[in-house]
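To keep things clear, I will list the structure first and then write my remarks on it.
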Amino acid sequence: ARHAAAPRPACRAFLRGAPSTHAPLRIRAAGPSAWAPVSRTRRANKVERSVPLIVSPAQPDATVYPSLGWRRDFADVYNMGRTIGRGSFGTVRLAEEKNSGQLCAVKIMPKKRGDLTPGQTLDKITRETSMLEAAQHCPGVVQLMGCYENDTEVMIVQEVCYGGDLKQYVEESGTVSEEALTLIAFEVMRFLAACHDSGMIFADIKPANFCLKDTSLKELIDNGNDAVDLSGEPISSLKAIDFGSAAKLEPDERIKRLLGTVSYMAPEVFERSFGPKADVWSVGIMLYWLFVNALPYWPDRDDPPFVRTEDMSKLAHALTHVPMDDPSWSKMSEQGKDFIVRCLELDESKRWSANEALDHIWIQDALSRARSENQRAIATSNDQDSVPSNFAPFAEVDYVPEPIRVLDEHSRYPPWASRHVSSDVPTCPAWAVDFDREV
Numbered sequence: 001a002r003h004a005a006a007p008r009p010a011c012r013a014f015l016r017g018a019p020s021t022h023a024p025l026r027i028r029a030a031g032p033s034a035w036a037p038v039s040r041t042r043r044a045n046k047v048e049r050s051v052p053l054i055v056s057p058a059q060p061d062a063t064v065y066p067s068l069g070w071r072r073d074f075a076d077v078y079n080m081g082r083t084i085g086r087g088s089f090g091t092v093r094l095a096e097e098k099n100s101g102q103l104c105a106v107k108i109m110p111k112k113r114g115d116l117t118p119g120q121t122l123d124k125i126t127r128e129t130s131m132l133e134a135a136q137h138c139p140g141v142v143q144l145m146g147c148y149e150n151d152t153e154v155m156i157v158q159e160v161c162y163g164g165d166l167k168q169y170v171e172e173s174g175t176v177s178e179e180a181l182t183l184i185a186f187e188v189m190r191f192l193a194a195c196h197d198s199g200m201i202f203a204d205i206k207p208a209n210f211c212l213k214d215t216s217l218k219e220l221i222d223n224g225n226d227a228v229d230l231s232g233e234p235i236s237s238l239k240a241i242d243f244g245s246a247a248k249l250e251p252d253e254r255i256k257r258l259l260g261t262v263s264y265m266a267p268e269v270f271e272r273s274f275g276p277k278a279d280v281w282s283v284g285i286m287l288y289w290l291f292v293n294a295l296p297y298w299p300d301r302d303d304p305p306f307v308r309t310e311d312m313s314k315l316a317h318a319l320t321h322v323p324m325d326d327p328s329w330s331k332m333s334e335q336g337k338d339f340i341v342r343c344l345e346l347d348e349s350k351r352w353s354a355n356e357a358l359d360h361i362w363i364q365d366a367l368s369r370a371r372s373e374n375q376r377a378i379a380t381s382n383d384q385d386s387v388p389s390n391f392a393p394f395a396e397v398d399y400v401p402e403p404i405r406v407l408d409e410h411s412r413y414p415p416w417a418s419r420h421v422s423s424d425v426p427t428c429p430a431w432a433v434d435f436d437r438e439v
């Protein structure tokens, strides 16, 4: 029977398909079940079913996604460039601001993500952007330049970080020196102190969430030398880039759900009751990994590909001693070791705050050396009527390095690993949790 414009009455068993010139058929069983495409056989172009069927033309996707009320004139403001990152959240593309020629990174995300509804997806996006906007006053935060949308996507415009993230750096260039580690510790703790003072917890400290601002910073990390501004304060080399787990909390308030990446979670996070000092624990884990390319739970570097959340909790609660038997630790000063051990204090009440960590002698000695070098540079430059090179933030970049990998999710996670997992919208069983995965 040929397909007609109006739905046909219910029939049984055996149904001939419509001519190929017609719109594709969809068949659904009588009742509330969903539409399903017709499967045709080669011989008779038939479809066989044992339930009553109703035939109807295929319906176009008429999904209407909610509007965030963001600007819709992106194409009038920016020229879109090549893709520089791709991941489970969407893509990151280079763009140029038409009036100024300024380059930026555009994070493009669909309004419907995975198993989440459009409403849930947009809630996650707006929470992340609101946290990023609230943290703009903090040192070492990627600059938010604008938020745009169209009918199906959102576009988050941020500054470009050309140097990749710290995880990529270690994997490609090796571990960092103690001098560089001191600089990283200072910048991350300074960022956290500002966040915590404003009532925000980052909740996902890890190497992949801190990007090097510029390619020239690789030399800075290699050499461990602080670039300083005219006030003698080190210039921010790192940018916090992912505020998807960040949350606001009142004084003495506790967060009551899992947030972050399992291998960097503090013991109290697994108990679903934690505060700002959980970030300090994560800094300790991150510094440990940056120095020896291993986590303290597996100091022999034989990290398992998967670990259950409950097993990771046991490992965190059992870290009564921070292993430093690897030969690499012989290159670390006692002050540096003490700093990491204090970050990894099991007892949250005895663990440092970010502000207390900044007062540690390991950090203060490094800052004193930087200020002394700055003063010597000022004295040397008095006869030159110019600003010493180490005053400048960094050399201007007059090109875009080809292998830009800012926010490249696939370089950090395998294709089958879901990047963002919420405790209320799980996407994988507890026994299949990647040890380097966010929850």
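By full-length UniProt numbering, the letter at position 47 of the sequence shown is numbered 47, and the numbering carries on one by one without gaps.
A virtual CB, placed ideally from N, CA and C, is assigned to each residue, including glycine.
On a predicted model such as this, the values are computed, not experimentally measured, just so you know.
Contact between I156 and T129 holds: CB atoms are separated by about 6 angstroms, below the 8 angstroms threshold. The alpha-carbon of T83 is positioned some 26 angstroms away from that of P66. In the structure shown, V160 adopts coil according to DSSP, grouped into three states. By the Cβ-count criterion, N99 is exposed, with fewer than 16 other Cβ atoms from all chains shown falling within 10 Å of its own Cβ. Taking a C-beta distance under 8 angstroms as the contact criterion, F291 and S328 qualify as a contact pair.
Looking at the backbone, the Cα of Q375 and that of S368 are separated by about 11 angstroms.
Nearest to R190 by C-alpha distance, out of V283, A246 and G146, is V283. Measuring C-alpha to C-alpha distances from W352 to each of D214, K124, V188 and K277 identifies K277 as the nearest.
C-alpha of V106 to C-alpha of M286: approximately 27 angstroms in a straight line. Between C211 and D165, the gap from beta carbon to beta carbon is short of 8 angstroms. A Cβ-Cβ contact shorter than 8 angstroms links A203 with G260.
The alpha-carbon of H360 is positioned some 48 angstroms away from that of R72. Looking at K337, D325, A379 and E348, the one whose alpha-carbon comes closest to that of I363 is K337.
Its Cα nearest to that of N79, the residue A95 stands out among T91, A95 and W70. Spanning the alpha carbons of D365 and G244 requires a straight line of approximately 34 angstroms.
DSSP lists A240 as the bridge partner or partners of F210. For the beta strand (DSSP E) assignment, the uninterrupted runs of no fewer than 3 residues enclosed by the region 67-98 are, from N- to C-terminal side, 78-87 and 90-97.
Looking at the DSSP output, A105 shares a beta bridge with L94 and Q158.
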